Amino acid sequence: MNPILADIYSTVIPSAPYLIAAYALVWAALLVYVIIVVRGLKKTEAQMAVLEEAVRAKGGD
Amino acid sequence: MAKKTTRVPEAGGWPDAVAVPALIAGAVLTTVGFLMAFLWAAPVNGAALSAPELVGDVMVTHQQLISQKIFYFHMPVAIVSFVALAFGAYYGIRFLMTREQRFDTCSRVAMEIALLFVVLTMITGDLWTRFEWGVWWTWEPRLTTYLILMLIAIAYFVLRNAVDDPERRATYAGVVSVIALVDVPVCFMITRLIPSSIHPVVAREGGMSPDMAATVFVVLAGMMLVGYGLYRLRFREARLGERLQALKDMLE
Amino acid sequence: MNAVETLHLTKAFGTRRAVDDVTFSLPEGSFLSIFGPNGAGKTTLLRVLSTLARPTGGEARLCGVDLKENPDEARGLIGMISHQSMLYPDLTAEENLMLYAKLYGVANPAARVSELLDAVGLSHRRLDAVRTFSRGMTQRVSIARALVHDPRIVFLDEPYSGLDPHAVEIFDELIGAVRGDRTFVMVSHDLAKGFSMCTHALVLARGRIVTFAPKDEIAFGDFSELYRQTVGMGVA
Amino acid sequence: MPRVAPSTFSQYRTLLAKDLRQEFRTREMLTSMGIYALLVIIVYGAALALTAHGVDIVHMGGGLLWVLIVFTSLLGLARSFAREKEQGCMEGVLLVPLDRSVVFLAKATSNILFMLAVEVIAVPLFYFFFMTSEPAAPTLPFIVAPLLVGTVGMAGIGTMLSTITSNTRSADVMLAVLFIPLIYPLLYACVTATTAAIAGTEFWTDFFVMPLVLACGYDVVMLLVCWVLYDFVVSA
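Here the protein sequences come in this chain order: A, B, C and D.
If you read the first sequence in my numbering, its first letter stands for residue 20, the second for the next number, and so on.
If you read the second sequence in my numbering, its first letter stands for residue -11, the second for the next number, and so on.
If you read the third sequence in my numbering, its first letter stands for residue 327, the second for the next number, and so on.
If you read the fourth sequence in my numbering, its first letter stands for residue 576, the second for the next number, and so on.
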């Protein structure tokens, strides 16, 4: 790689990791948020089950 | 006195039906934008080369600043965070006007999306700074404004957890979201208009060439859709929790 | 002319209804006692009627003045005595009363304040900071504060809490003295005292009216039995 | 009992007089803020002692001064509203037929006066301890302008936030968490203007006049927002 080409890419190589990190983190953050929401849904479903039991028990006695 | 029935946003119905396709469309658009950023948009010229060099079929005369590519994500994400804050404040005002608890839920969810996208803005902005100026943080106007917006969003949620009475919590949250909506543009303006250091720095922001603008627009549209999709998803989840709580109350 | 009229008055947040569809009307000059288990919505009802809290539904009128239309006019008609004195501890008794007299725009504040201090028997302590007063004395200044603008309706939110028997006696005496044709609405846990002082009794449970009737229509025996059932029905 | 509806201004004056009299009686807020300011100066002393000549105090002075002012006023603001809540006095005032933003204005004015009183002591002390070693610019007296504009802005939004956080858990921390991000633009503008005044600069309009104008803009906008929203907050 002749010096001028090296000069052209002189900014590319060192910045590459930050660039990739940036995009990766963006997707990671969005993913984490979706996971939080889904976990919330699971928690609500579990409570729903408990509630259904309570209603059945109430209805039953 | 016929009570004007305020139309209260509810989970389900067409907004939710649209949510999933919006998420998919958002993902597609952002990836397209991602590719455009790298392959199609012309890189920004860095320092001049000692001599022009033939690369492929193009005569290259400057260093190509690749790090600038983050910009195509940084700006749209920042805009979406501000739009989300605006929605948060809008629903906050609607709550203050009608005292309808549903608007408080919408405001809370919108502020969550705003916080999420501000965090994204901080990530992209900070890494760009790391390469651009070689330092992890500078008190440069753009970055400080988003730091402030993030702190306000965090303070908003800290306040919500510190108040127990639901009506008081919703009122305070609504008021803070409105103050935040007013505070952020003022912060934008002040940090930009006052030169950041004693010796004024000449702003380097060049205009955007059409192809760059197109890329930003694509990513922006994509991010807006992703934001909308997440908002509806979170709103649906929050509503489910509330409806469950209502059932529990009725059972006692 | 009814002193207090409510029509389907509701105070709810989300699904929790603290006051649920309360409708009653109270003639002028009467003394209403409100009873109910903890969390039945007694204090919330009082706060809504005294404009300290906004109702979410229904209507309420004090001496014909609608609370939602013009709350300020309604505020001019009411006084509130609660277990909190609403007096500034660092200011003297006279300064506290002068403050409220000026805020209410009483015509001749100085005369009115000294008249009230005489009525509650605290003229000799008017230059002392309220912080130095006993619980009983503070409550008496609080009565003076509530009456400074000669309100038509006086709300009492558990005024006896923290008072020793002697102070309670003086308190009742004062209430009797200042009664005139004013209307009183009292929230209290003390069944016997509340029932003895009232002309109308109202029992709330989970925000709903269980019973509302003039005192002479119910004997105390049936009333306390009914109350025990209500409390037995469980806390809100 | 003839009752003339008092003018808003007289209610404002009464409430302000109450705040000032209460503070004059106990001097609790002023002494605690004054001592706190002195302690911060002592901490600065320790921090800057080793770098006596290394640090360009003329350029750092403005910033350090504003750190002192922000944290001292935070202490004062937190106390200012706690006192209203002690005996339910705020509810006593809310029962009076008055425009709720008068309460905000009176409280903000008293906070401004208290903060200015502390600044009148703290700023000269700060100058005495740190700024005498190097000659400040002739424009030094101009720092009064940003100090004034900054104090008005901080007291305004501080009053609103102290009302919000007064009945939350860990009120003091809550107040700081909300206060500092929200006043950042004002702080930024005032620090720039103060530093420009102390250090002197050839871009006078850029570094003094422009920030000052923006700070005034911030004050106007924020006080207006607080004025409008205060009714929701105080009656919540």
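C-beta atoms are modelled at their ideal positions from N, C-alpha and C, and glycine is treated no differently.
Note that the structure is predicted; figures quoted are calculated from it, not measured.
For a minimum of 4 consecutive residues, which ranges assigned as the alpha helix (DSSP H) are wholly contained in the region 95 to 140 of chain B?
none
May I ask you to report which of helix, strand or coil DSSP gives residue 341/C?
Against the third sequence, residue 341/C aligns to sequence position 15. In the structure shown, residue 341/C sits in coil (DSSP, three-state: anything other than H, G, I, E or B).
Residue 385/C (DSSP reduced to helix, strand or coil)
For the purposes of this step, residue 385/C is identified with residue 59 of the third sequence, where counting begins at 1. Residue state, collapsed to three classes: strand.
So what does DSSP say about residue 369/C, is it helix, strand or coil?
Taking the first residue of the third sequence as 1, we reach residue 369/C at position 43. Three-state result, residue 369/C: helix.
Would you say residue 237/B reaches chain C, if we count a Cβ-Cβ gap shorter than 8 Å as a contact?
For the purposes of this step, residue 237/B is identified with residue 249 of the second sequence, where counting begins at 1. Interface residue, yes.
If you pair each beta-carbon of the region 457 to 469 of chain C with each one of the region 479 to 497 of chain C, do three or more pairs fall below 8 Å?
yes
Is there a Cβ of chain B sitting closer than 8 Å to that of residue 380/C, yes or no?
If you number the third sequence from 1, residue 380/C lands on position 54. Cβ-Cβ to chain B under 8 Å: yes for residue 380/C.
Counting only Cβ-Cβ distances shorter than 8 Å, please list the residues of the region 337 to 369 of chain C near chain B, keeping chain order.
339, 340, 341 and 342
Whether or not the region 617 to 626 of chain D and the region 366 to 375 of chain C are in contact is what I'm after, with contact meaning three or more pairs of Cβ atoms, one per stretch, closer than 8 Å; do they touch?
no
Have a look at the DSSP bridge pairing and note the partners of residue 409/C.
The count along the third sequence starts at 1 and reaches residue 409/C at position 83. In DSSP, residue 409/C forms no bridge with anything.
With 16 other Cβ atoms within 10 Å as the buried cut-off, status of residue 23/B:
For the purposes of this step, residue 23/B is taken as the residue at position 35 of the second sequence. Residue 23/B should be labelled exposed.
Three or more C-beta pairs under 8 Å: does that hold for the region 790 to 797 of chain D against the region 168 to 183 of chain B?
Cβ pair count under 8 Å is three or more, so yes.
Counting pairs of beta carbons, one from the region 351 to 361 of chain C and one from the region 510 to 525 of chain C, are three or more of them closer than 8 Å?
yes
Beta-carbon within less than 7 Å of residue 653/D's beta-carbon, same chain only, minus the 5 sequence neighbours each way: which residues are those?
Start at 1 with the first residue of the fourth sequence, and residue 653/D comes out as number 78. Closer than 7 Å at the Cβ level, and outside the excluded window around residue 653/D, lie 737, 746, 747 and 750.
Quick one: give me the first and last residue of the alpha helix (DSSP H) that residue 281/C is part of.
Residue 281/C is absent from the model: chain C starts at 327 and stops at 562.
Quick one: is residue 680/D near chain B, going by C-beta distance under 8 Å?
The sequence position of residue 680/D within the fourth sequence is 105, counting from 1. By this cut-off, residue 680/D is not an interface position.
Is it true that the CB of residue 471/C sits closer than 8 Å to the CB of residue 423/C?
Along the third sequence, one-based indexing puts residue 423/C at 97. Along the third sequence, one-based indexing puts residue 471/C at 145. Yes; because the gap between Cβ atoms is below 8 Å, this pair is in contact.
With a CB to CB cut of under 6 Å and the five nearest residues on each side skipped, what residues in its chain are close to residue 806/D?
Residue numbering aside, residue 806/D sits at position 231 when the fourth sequence is read from its first letter. Closer than 6 Å at Cβ, skipping near neighbours: 675.
Find the nearest neighbour of residue 368/C within the set 419/C, 426/C, 550/C and 536/C, judged by alpha-carbon distance.
For the purposes of this step, residue 368/C is taken as residue 42 along the third sequence, with counting starting at 1. Closest by alpha carbon: 536/C.
Per DSSP, the bridge partner or partners of residue 529/C
For this step, residue 529/C is matched to residue 203 along the third sequence. The partner list for residue 529/C (beta bridge, DSSP) reads 361/C and 537/C.
Nearest to residue 142/B (by Cα), restricted to the options 104/B, 117/B, 156/B and 111/B
Stepping through the second sequence from its first residue, residue 142/B is reached at position 154. Of 104/B, 117/B, 156/B and 111/B, the residue nearest in Cα terms is 104/B.
Do residue 786/D and residue 811/D come within 8 Å of each other at the CB atom, strictly closer than that value?
Position 236 of the fourth sequence holds residue 811/D. Position 211 of the fourth sequence holds residue 786/D. No.
At least one CB of chain D closer than 8 Å to the CB of residue 94/B: is that the case?
What you label residue 94/B is simply residue 106 of the second sequence in a count that begins at 1. Closer than 8 Å: no.
Within 8 Å (strictly less), CB to CB, does residue 234/B reach chain C?
For the purposes of this step, residue 234/B is taken as residue 246 along the second sequence, with counting starting at 1. Closer than 8 Å: yes.
Just checking my contact of residue 106/B with residue 144/B at CB under 8 Å: how many whole Å lie between their CB atoms?
One-based indexing of the second sequence puts residue 106/B at position 118. One-based indexing of the second sequence puts residue 144/B at position 156. Going by Cβ atoms, the distance from residue 106/B to residue 144/B rounds to 11 Å, so no, they are not a contact pair.
Below 8 Å, can you find three or more Cβ-Cβ pairs linking the region 526 to 542 of chain C to the region 380 to 400 of chain C?
no
Please name the residues in the region 109 to 141 of chain B whose beta-carbon is closer than 8 Å to at least one beta-carbon of chain A, in chain order.
111, 112, 115, 116, 118 and 119
Through-space distance from residue 233/B to residue 92/A, alpha-carbon basis
No answer is possible for residue 92/A: the residues shown for chain A start at 20 and end at 80.
Does the distance from the C-beta atom of residue 21/B to that of residue 81/B stay below 8 Å?
As a working mapping, residue 21/B is identified with position 33 in the second sequence. As a working mapping, residue 81/B is identified with position 93 in the second sequence. The answer is no: Cβ separation not under 8 Å.
Could you check if residue 555/C is buried or exposed, using at least 16 other CB atoms within 10 Å of its CB as the buried criterion?
The residue given as residue 555/C occupies position 229 in the third sequence. Result: exposed.
By a C-beta neighbour count over all protein chains shown, 10 Å radius and 16 as the cutoff for buried, is residue 63/B buried or exposed?
Here residue 63/B corresponds to residue number 75 of the second sequence, with the count starting at 1. So residue 63/B ends up on the buried side.
Check whether chain B comes within 8 Å of residue 40/A, counting only Cβ atoms and requiring the distance to be less than that.
As a working note, residue 40/A is residue 21 in the first sequence. By this cut-off, residue 40/A is an interface position.
Proximity of residue 44/A and residue 167/B at Cβ, strictly below 8 Å:
Here residue 44/A is taken as the residue at index 25 of the first sequence, counted from 1. Here residue 167/B is taken as the residue at index 179 of the second sequence, counted from 1. No.
Proximal residues, the region 419 to 450 of chain C versus chain D, C-beta separation under 8 Å
421, 425, 426, 428, 429, 430, 431, 432, 433 and 438
Count the other C-beta atoms from every protein chain shown that fall within 10 angstroms of the C-beta of residue -4/B, then say buried if there are 16 or more, exposed otherwise.
Locating residue -4/B in the second sequence gives position 8, where the first residue counts as 1. Looking at its Cβ environment, which holds fewer than 16 other Cβ atoms inside 10 Å, residue -4/B is exposed.
Residue 625/D to residue 151/B, Cα distance in whole Å?
If you number the fourth sequence from 1, residue 625/D lands on position 50. If you number the second sequence from 1, residue 151/B lands on position 163. Roughly 45 Å separates the two Cα atoms.
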